[in-house]
Amino acid sequence: MNSIKREKIIGLIGQNIQGSLSPQIHNYLASVMGLKYHYFLFDIEPFELKKAIEAIKIMDIKGVNVTIPYKSEAVKYLDEVDERVKKIGAVNTIVNENGKLVGYNTDVDGFDEMSYSKGITFKDKKVVLFGAGGAARAVLYYLKDQNVDQLYLINRTLNKAETVKKDFNKVIDNINIIEWTSEKKEQVVKDSDIIINATPLGMENEYQDISPVKSESINEEQVLIDLVYKPRVTKFLSFGQKKKAKIVSGIEMLVYQAVGSFELWTNQEVEYHVIDELIKNL
Ligand SMILES: NC(=O)c1ccc[n+]([C@@H]2O[C@H](COP(=O)([O-])OP(=O)(O)OC[C@H]3O[C@@H](n4cnc5c(N)ncnc54)[C@H](OP(=O)(O)O)[C@@H]3O)[C@@H](O)[C@H]2O)c1
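Positions 33 to 314 (our numbering) are the ones given, in order, by the sequence shown.
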């Protein structure tokens, strides 16, 4: 067996991540591009997070992705973070830059590239965003430059939505909070152009049969974007499919955010045809 150089070790820190598609994505990119990187899963308990991040430096490995539930907490154990991470408050990529751990957020790139590749534009659109966690914040970071007409933020926990609105107030002045249980909710969805799910609702197993919206609120003019990627067609997207609306699975964003991380670790650009092939084969 070829030996693996430790500076070519990359991976994922998270909890209950056995089903992650990231090893498949990154090991595919490494092999197609002839780079000898290897991606491993590091399933850790919350009390181990600080030590696990220190270990990146001690063992001199190249870096890791960070996923649920550590994206926010990981920020405080890094030497440096970029502007996006400061604004979003969540990191999904750590790079060991000659002994200095630097945090990035490529979920923003993932959403950006996915929107571009699908021809989705947000200018002058009414956009509904479900969720107020790290993923929703990454979406908002992207949307701040898109001149949306109105943005409706709907989250189960109201005060979390209020905090997000406050944090983004200076860069997005048209965020409207709608309460999760409000009677207005379905009407707002009905009147919107683009609906984004940035909650785990619809995810296989526990949430599989749940959608953040009702089927009656969806019409064929709308665009439905789900950040959930397993299954490819969630309950929410199935409503759009039935109404012949445009639907986009989270798999696109997943691949593009992975490409962003891979490029940070390797300093190599991934070509579009490789990305297309990857999305088709996952
Ligand atoms: N495709 C991709 O590349 C990609 C990238 C990032 C994330 N994601 C997906 O996006 C989803 C959110 O991730 P995250 O990082 O933002 O997680 P997070 O920071 O933990 O936030 C979770 C959000 O979902 C809401 N939520 C959780 N359980 C809910 C329930 N039972 N009913 C209603 N709302 C619920 C939470 O609301 P409360 O505030 O009320 O708790 C919160 O707003 C996950 O499914 C993740 O896999 C996909």
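Don't be surprised by glycine CBs; every beta carbon is placed ideally from N, CA and C.
This one's a predicted model, so the numbers in the text were calculated from it and none came from an experiment.
Check                                                                                                                                                                                 : Outcome
Going along the chain, which residues put their C-beta within less than 6 Å of some heavy atom in ligand 1?                                                                           : I100, K103, D139, G142, G163, A164, G165, G166, A167, A168, N187, R188, T189, K192, A230, T231, P232, L233, M235, L259, V260, Y261, G282, M285, L286, Q289
Determine the direct distance from the alpha carbon of T266 to that of D241, and round the result to whole angstroms.                                                                 : 8 Å
Quick one: what does DSSP say G95 is sitting in, helix, strand or coil?                                                                                                               : strand
What is the residue span of the beta strand (DSSP E) that V134 lies within?                                                                                                           : 132-136
Pop quiz: E236 and K262 are said to be a contact at Cβ under 8 Å. What is the actual Cβ separation, rounded to whole angstroms?                                                       : 5 Å
Give every residue of the same chain whose Cβ lies closer than 8 Å to the Cβ of G121, excluding the five residues on either side of it in the sequence, and list them in chain order. : S104, V107, G166, R169, D199
Since Y193 and A164 are thought to touch, with beta carbons under 8 Å apart, how far apart are those beta carbons, to the nearest angstrom?                                           : Checking the displayed sequence, the identity of residue 193 turns out to be Ala instead of Tyr. About 5 Å separates the two Cβ atoms, so the contact holds.
Could you tell me which residues DSSP pairs with N229 in its beta bridges?                                                                                                            : F162, D258
Quick check on K278: does DSSP put it in helix, strand or coil?                                                                                                                       : strand
Since I believe D111 is in contact with L81 (beta carbons under 8 Å), could you give me their beta-carbon distance rounded to a whole number of angstroms?                            : Going by Cβ atoms, the distance from L81 to D111 rounds to 16 Å, so no, they are not a contact pair.
With DSSP collapsed to three states, give me the class of L67.                                                                                                                        : coil
Given this structure, state the Cα-to-Cα distance separating V117 from V123, to the nearest angstrom.                                                                                 : 6 Å
For V302, name the three-state secondary structure that DSSP assigns.                                                                                                                 : coil
In whole angstroms, what separates the C-alpha of I57 from that of V291?                                                                                                              : 9 Å
If you reduce the DSSP assignment to three classes, tell me which class L16 lands in.                                                                                                 : Only positions 33 to 314 of the chain appear in this structure, which leaves residue 16 out of reach.
Verify whether the separation of the beta carbon atoms of I204 and L161 is less than 8 Å.                                                                                             : no
Which two residues bound the contiguous alpha helix (DSSP H) that contains V221?                                                                                                      : 216-222
Of all the beta strand (DSSP E) runs that stay within the bounds of the stretch 95-129, which reach a length of 3 or more residues?                                                   : 95-98, 125-129
State the Cα-Cα distance for the pair K119 and E86, rounded to the nearest angstrom.                                                                                                  : 24 Å
For E211, list the residues DSSP reports as bridge partners.                                                                                                                          : N187
Which residue from H70, G51, L175 puts its Cα closest to that of S35?                                                                                                                 : H70
Please state the DSSP three-state secondary structure of L53.                                                                                                                         : coil
If you drop the 5 nearest sequence neighbours on each side, which residues of the same chain put their C-beta closer than 8 Å to that of N201?                                        : I207
Between the C-alpha atoms of E77 and Q47, what's the straight-line distance to the nearest angstrom?                                                                                  : 7 Å
If V98 sits next to I42, beta carbons under 8 Å apart, how far is it from one beta carbon to the other, in whole angstroms?                                                           : At roughly 12 Å, the Cβ-Cβ gap does not stay under 8 Å, so V98 and I42 are not in contact.
Between I88 and W297, what straight-line distance do the alpha-carbon atoms span, to the nearest angstrom?                                                                            : 13 Å
Closest to D114 by C-alpha separation, out of K94, T138, I93, would be which residue?                                                                                                 : T138
Are L190 and L183 touching if we call contact CB-CB under 8 Å?                                                                                                                        : no
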